[in-house]
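Here the sequence shown is numbered in this note's numbering, starting from 710 and rising by one per residue. I have placed the structure first, in the form of structure tokens, so that the comments after it can refer back to it.
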Amino acid sequence: MSNVDEELESLSHDVFHPEALAEIARAKEKNPSMFVSGWIEDDDAGVTEATDIDENPISRLLWASEHGKRRIIRQILADDPSLINVQDRDGYTPLHRASYNDFPKTIQVYLEGIIFKAFDFKIFVSFLRPVLFISVFS
Numbered sequence: 710m711s712n713v714d715e716e717l718e719s720l721s722h723d724v725f726h727p728e729a730l731a732e733i734a735r736a737k738e739k740n741p742s743m744f745v746s747g748w749i750e751d752d753d754a755g756v757t758e759a760t761d762i763d764e765n766p767i768s769r770l771l772w773a774s775e776h777g778k779r780r781i782i783r784q785i786l787a788d789d790p791s792l793i794n795v796q797d798r799d800g801y802t803p804l805h806r807a808s809y810n811d812f813p814k815t816i817q818v819y820l821e822g823i824i825f826k827a828f829d830f831k832i833f834v835s836f837l838r839p840v841l842f843i844s845v846f847s
């Protein structure tokens, strides 16, 4: 085992140790291509373009939630309140999208009484609490 391997092994017990972080930074400088995220290619996967949403109320609601378009959200939910329960392919609801993109007034739309009555409480238990936590602490 080389000195570098021994040093890295000794540091592996505390990955946030300043020496370990400095070693990681040095390694990134020497070979940045080794530290490329595998998620980069997926960044745009499943993203709904604004031009694709006009015909599909589910896609339109998810898009409007992600972009803080409260008027559109109210229109869609007035036509079909059950759409508040839709989920994208990753399981995120419109409320998630509004929360992750920091739209507190949009979140408020989802928490209004009339809309809340249509909310599926299974989704509430599994998704709303973490989303509210994110909204409050982000």
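Each residue gets a CB set at the ideal place from its N, CA and C atoms; glycine is no exception. All values derive from a computational prediction rather than experimental measurement.
Taking the Cβ atoms as the reference, residue 782 lies roughly 5 Å from residue 773, within the contact range of under 8 Å.
In the pairwise beta carbon analysis, the segment 784-791 is classified as not touching the segment 807-814: fewer than three pairs are separated by under 8 Å. Closest in C-alpha terms to residue 769, from the list 737, 731, 821, 802, comes 802. Cβ-Cβ distances below 6 Å link residue 775 to 806, 810 in the same chain, with the five nearest sequence neighbours on each side left out; the list follows chain order. Closest option to residue 813, judged by alpha-carbon separation, among 778, 771, 787, 733: 778. Excluding sequence positions up to five before and after residue 797, its CB lies within less than 6 Å of the CB of 771, all in the same chain and listed in chain order.
Nearest to residue 815 by alpha-carbon distance, out of 741, 762, 786, is 786. DSSP, read as helix, strand or coil, puts residue 801 in coil. Looking from the CA of residue 765, the closest CA among 795, 733, 819, 780 belongs to 795.
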